[in-house]
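J.:
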Amino acid sequence: MSSYTLGILMLAGINLVAVLGLSLLTGFTGLFSFGHAGFMAIGAYVGAFLTVSPARDIPGLGLPLIVGVLGGGAAAGLVSWLVGRITLNLKGDYFCIATLGFGEATRLVFNNVQRFGGSRGWPLGATRDMGDIWIILAVDVVAVILVANLVKSRHGRNMIAIREEELASQVTGIDVFRYKMVSLVISAILAGAAGVLLGNYLTFINPKIFNLTKSTELIIIVIFGGLGSISGSVLGALLLTALPEVLRFFEIWRLVFYGAAVILIMISRPQGLLGGMELTPSGIRKILAERRARLALRAEAARETAEGGSR
Amino acid sequence: MSGILEIRGLTKRFGGLAAVDNVSFSVREGGISGLIGPNGAGKTTIFNLITGVYKVTEGTVSFRGSEITNLEPFRIADRGITRTFQNIRLFKNLSVYENVLTACHMSARYTIPEALFRLPRFVREEKALRAKAEDLLSIMGLTERRDVQANNLPYGLQRRLEIVRALALDPKLLLLDEPAAGMNPDETEQLMHLISGIRERFKLTVLVIEHHMDLVMRLCESIVVLNFGQKLAEGTADEIRGDPRVVEAYLGSGEN
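Protein chains in written order, with the working numbering: chain X, 20 to 330; chain R, -12 to 243.
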């Protein structure tokens, strides 16, 4: 594999970590966030501090990357808990606006903290190690398994119930605030971990990387892949990370084509590639069972109409 | 005599309007009670106050001897009060089975980490939850529709599914908000059998809001009548039927 292709794969893998978290929050729990780049930024800076060599201009602790990933994720998770305490009582759209504010505020904080390079950025000093693809893949696999296990448990079902009908969830004994919080914190941990990996990949971090466009990119991937689908998120992260590269042919117009491609797909398939479906053996069985049930229902309705007509 | 549910001086004001005004009544354990009254009498508001969906302005709600006034809705459900809604609120995009399975969640105790790593208690309890959901579906005659998406169900079955979902929490008290709304006489008749059936089978107490007077009179052992947010009368079906104030509230007085 050429290092160019490998690089795209690494970026897709990094995006996937953040997208999986956002998929849990948006696709399963039904909360839209336009601020997850903020959690990525927190992860990236904490991760850089943990991993950068102490001998650099801006010294770090020189710990291994995996410690950085865990530490960055934990820091983002902690911040999300504080953010959630204040904002999770807001209804739908208002929560969304609050996350937007959080994301931009976080970026501006890093812009103004000179200790970590401010707006000039922070050169992390290492050269890119293509072998890190294995670490990225390992984080991807662990994240996919954990998120999949969660959504197939009673806790995950409670989150889905909140997405479907919040009031009914409450009277069904679901602690809505708690499950929204759990969902937000897990999504922020994953975004933080992705931020660390992104910094490590780019060997340089800068607040501009984590702007509103980054948050939007993540949410586009989640919606494009399909709300409520982990396999959709995986597919979405791969396709939409690669798409701008495929479109390089169009040079400065490539992002216009990227936007057009996303619009076209959303018009032709509003539920996203795999909305509510999973490409796993049990997921496919479920799709087939629902299809059978729908057809049976339709056949029954047709029979009743026919009988009604002959009466 | 004290009942399973005791409502004392319950008041709810929206701004200056008292939607429920100093209402007291009690619901006898094991019975089927009715809450009736003309539109806007405050029946659904009382359900919302009992289940914590609205905050109580004044008064108290006690359930099985302890006060539950203004607890959060999920805690009240946990204490054993569940309900259905006048305008059905199912988890629309989920299958019939998933709707019930979700509501079974309180029969399991496994934690989030146990779920993340699929530890033994998760596997064991999850199996039990699935068995329970299948059981409920078969008792309530929904097994054949197991995989149908809730919003594709015929209307009558949607109402039934909402009742099954409420039963999945093993309630002691079931609140039904106009369960027969929009049903034809056949379906209403079936529903009546269903309600008395589940009362026997699940050993629970039922409080039902209903407009079909026929259904209320035949089903309910005791009836509370509301009008303009206040309690107008209380008694057995026969007492209520003969009460001139109730007739007036429903039909208007001769002078008007």
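Virtual Cβ for every residue (Gly too), placed ideally from N, Cα, C.
Is it buried or exposed, Leu314 (chain X), if we count other Cβ atoms within 10 angstroms and call 16 or more buried?
T.: Residue numbering aside, residue 314 (chain X) sits at position 295 when the first sequence is read from its first letter. Flag for Leu314 (chain X) reads exposed.
J.: Are the Cβ atoms of Ala137 (chain R) and Leu148 (chain R) separated by less than 8 Å?
T.: For this step, residue 137 (chain R) is matched to residue 150 along the second sequence. For this step, residue 148 (chain R) is matched to residue 161 along the second sequence. It is a contact, given that the beta carbons lie within the stated cut-off.
J.: Helix, strand or coil: which one does DSSP assign to Asp225 (chain R)?
T.: Sequence index remark: in the second sequence, residue 225 (chain R) carries index 238 (1-based). Reduced to three states, the DSSP call for Asp225 (chain R) is helix.
J.: Which residues in chain X sit within 7 Å of Ser82 (chain R), going by Cβ to Cβ distance?
T.: Taking the second sequence and counting its residues from 1, one reaches residue 82 (chain R) at position 95. Ordered by position in chain X, the residues that pass the 7 Å Cβ test against Ser82 (chain R) are Glu309.
J.: Measuring CA to CA, which of X:Val158, X:Ala180, X:Gly32, X:Gly46 is closest to Leu292 (chain X)?
T.: The residue given as residue 292 (chain X) occupies position 273 in the first sequence. Nearest C-alpha to Leu292 (chain X): X:Gly46.
J.: Applying the criterion that 16 or more other CB atoms from any shown protein chain within 10 Å of the CB defines a buried residue, is Gly81 (chain X) buried or exposed?
T.: The sequence position of residue 81 (chain X) within the first sequence is 62, counting from 1. Result: exposed.
J.: Can you give me the Cβ contacts of Ala167 (chain R) inside the same chain, cut-off strictly under 7 Å, excluding the 5 residues immediately before and after it?
T.: To locate residue 167 (chain R), count along the second sequence from 1; it is residue 180. Contacts found: Thr175, Leu178, Glu197, His199, Leu202.
J.: Pull up the distance between the alpha-carbon of Met35 (chain R) and that of Ile224 (chain X), whole angstroms please.
T.: Working through the second sequence from its first residue, we reach residue 35 (chain R) at position 48. Working through the first sequence from its first residue, we reach residue 224 (chain X) at position 205. The residue asked about is misnamed: residue 35 (chain R) is Asn in this sequence, not Met. Answer to the nearest angstrom: the Cα atoms are 52 Å apart.
J.: Looking only at its own chain, which residues have a Cβ that is under 6 Å from the Cβ of Val102 (chain X), when we skip the five neighbours before and after it?
T.: Position 83 of the first sequence, counted from the first residue, corresponds to residue 102 (chain X). Excluding positions up to five away in sequence, the list reads Phe121.
J.: Just verifying my parser: in three-state terms, what is the DSSP assignment at Asn243 (chain R)?
T.: The sequence position of residue 243 (chain R) within the second sequence is 256, counting from 1. The pLDDT assigned to Asn243 (chain R) is 43, lower than 50, so where the model puts this residue is not dependable; a value taken from the coordinates is nonetheless given after this. If DSSP states are grouped into helix, strand and coil, Asn243 (chain R) belongs with coil.
J.: Along the chain, where does the beta strand (DSSP E) that runs through Ile77 (chain X) open and close?
T.: Position 58 of the first sequence, counted from the start, is the residue given in the question as residue 77 (chain X). Where Ile77 (chain X) is concerned, there is no enclosing beta strand (DSSP E), given that its DSSP letter is neither H nor E.
J.: What residues match up with Gln136 (chain R) in a beta bridge as DSSP calls it?
T.: Sequence index remark: in the second sequence, residue 136 (chain R) carries index 149 (1-based). Bridge partners of Gln136 (chain R): R:Ser82.
J.: In the DSSP output, which residue or residues are listed as bridge partners for Gln217 (chain R)?
T.: Position 230 of the second sequence holds residue 217 (chain R). R:Asn214.
J.: Quick check: is the beta carbon of Asn108 (chain X) nearer than 8 Å to any beta carbon in chain R?
T.: Sequence index remark: in the first sequence, residue 108 (chain X) carries index 89 (1-based). No - not a single Cβ of chain R is within 8 Å of the one on Asn108 (chain X).
J.: Just the Cα atoms here: how many angstroms apart are Ala280 (chain X) and Cys115 (chain X)?
T.: Position 261 of the first sequence, counted from the first residue, corresponds to residue 280 (chain X). Position 96 of the first sequence, counted from the first residue, corresponds to residue 115 (chain X). Using only the alpha carbons, I get a separation of about 25 Å.
J.: Could you pull out every unbroken alpha helix (DSSP H) segment of at least 4 residues lying fully inside the region 220 to 299 of chain X, listed in chain order?
T.: The qualifying runs are 231 to 244, 249 to 265, 273 to 287.
J.: How many angstroms separate the CA atom of Asn243 (chain R) from the CA atom of Pro231 (chain R)?
T.: For the purposes of this step, residue 243 (chain R) is taken as the residue at position 256 of the second sequence. For the purposes of this step, residue 231 (chain R) is taken as the residue at position 244 of the second sequence. In this predicted model, Asn243 (chain R) has a pLDDT of only 43, less than 50, meaning its place in the structure is not dependable enough to derive any value.
J.: So what does DSSP say about Val193 (chain R), is it helix, strand or coil?
T.: In the second sequence, the residue the question calls residue 193 (chain R) occupies position 206. Val193 (chain R) falls in the strand class under three-state DSSP.
J.: Could you name the residues of chain R that Asp194 (chain X) contacts, counting a contact when the two beta carbons are closer than 7 Å?
T.: Here residue 194 (chain X) is taken as the residue at index 175 of the first sequence, counted from 1. Within 7 Å Cβ-Cβ: Phe61.
J.: Can you tell me where the beta strand (DSSP E) holding Glu45 (chain R) begins and where it ends?
T.: For this step, residue 45 (chain R) is matched to residue 58 along the second sequence. 45 to 50 is the extent of the beta strand (DSSP E) around Glu45 (chain R).
J.: In this structure, how does DSSP classify Arg117 (chain R) when only helix, strand and coil are distinguished?
T.: Working through the second sequence from its first residue, we reach residue 117 (chain R) at position 130. Helix at Arg117 (chain R).
J.: Nearest CA to the CA of Ser206 (chain X): which residue from X:Leu41, X:Leu231, X:Leu25?
T.: Within the first sequence, numbered from 1, the residue matching residue 206 (chain X) stands at position 187. Taking only the C-alpha atoms, the option nearest Ser206 (chain X) is X:Leu41.
J.: For the 8 Å Cβ check, are there 3 or more pairs between the region 28 to 35 of chain X and the region 164 to 174 of chain X?
T.: No: the two stretches stay apart, fewer than three of their Cβ pairs being nearer than 8 Å.
J.: Using the beta-carbon of each residue, which ones in chain R are nearer than 8 Å to Gly295 (chain X)?
T.: Working through the first sequence from its first residue, we reach residue 295 (chain X) at position 276. The answer, in chain order, is Asn80.
J.: Is there a Cβ of chain R sitting closer than 8 Å to that of Val160 (chain X), yes or no?
T.: Looking up residue 160 (chain X) in the first sequence gives position 141. It does not; no Cβ of chain R falls within 8 Å.
J.: Any contact between the region 181 to 199 of chain X and the region 59 to 79 of chain R? By contact I mean 3 or more CB pairs, one from each, below 8 Å.
T.: These segments touch.
J.: Can you find a C-beta in chain X that's less than 8 Å from the C-beta of Pro166 (chain R)?
T.: Taking the first residue of the second sequence as position 1, residue 166 (chain R) is located at position 179. No, Pro166 (chain R) does not count as interfacial toward chain X.
J.: For Ile227 (chain R) versus Ala220 (chain R), is the C-beta distance shorter than 8 Å?
T.: Taking the first residue of the second sequence as position 1, residue 227 (chain R) is located at position 240. Taking the first residue of the second sequence as position 1, residue 220 (chain R) is located at position 233. Yes. Within cutoff.
J.: Going by C-alpha distance, which of R:Leu106, R:Leu154, R:Asp164 is nearest Ile185 (chain R)?
T.: Position 198 of the second sequence holds residue 185 (chain R). The residue with the shortest Cα to Cα distance from Ile185 (chain R) is R:Leu154.
J.: Any idea if Ala321 (chain X) is buried or exposed, counting beta-carbon neighbours within 10 angstroms, 16 or more meaning buried?
T.: Position 302 of the first sequence, counting from 1, holds the residue named residue 321 (chain X). Result: exposed.
J.: Report the residue ranges of all alpha helix (DSSP H) runs contained in full by the region 96 to 167 of chain X; include only those spanning at least 4 residues, in chain order.
T.: Listed in chain order, the complete alpha helix (DSSP H) runs (minimum 4 residues) inside the region 96 to 167 of chain X are 111 to 131.
J.: Rounded to the nearest angstrom, what separates Tyr113 (chain X) and Met200 (chain X) at their Cα positions?
T.: Mapped onto the first sequence, residue 113 (chain X) falls at position 94. Mapped onto the first sequence, residue 200 (chain X) falls at position 181. About 16 Å.
J.: When Cβ atoms are compared, which residues of the region 176 to 195 of chain X fall closer than 9 Å to chain R?
T.: Listed in sequence order: Arg176, Asn177, Ile179, Ala180, Arg182, Glu183, Glu184, Leu186, Ala187, Ser188, Gln189, Val190, Thr191, Gly192, Ile193, Asp194, Val195.
J.: Let me make sure I understand the geometry here. Which of X:Gly66, X:Met20, X:Ser250 has the alpha-carbon closest to that of Leu298 (chain X)?
T.: Here the question's residue 298 (chain X) lines up with position 279 in the first sequence. Closest by alpha carbon: X:Ser250.
J.: Among R:Ser94, R:Ile(-6), R:Val151, R:Pro172, which has the Cα closest to the Cα of Leu163 (chain R)?
T.: One-based indexing of the second sequence puts residue 163 (chain R) at position 176. Leu163 (chain R) has its Cα closest to that of R:Val151, out of R:Ser94, R:Ile(-6), R:Val151, R:Pro172.
J.: Let me know if Met149 (chain X) comes out buried or exposed under the rule of 16 or more other beta-carbons within 10 Å of its beta-carbon.
T.: Locating residue 149 (chain X) in the first sequence gives position 130, where the first residue counts as 1. Classification for Met149 (chain X): exposed.
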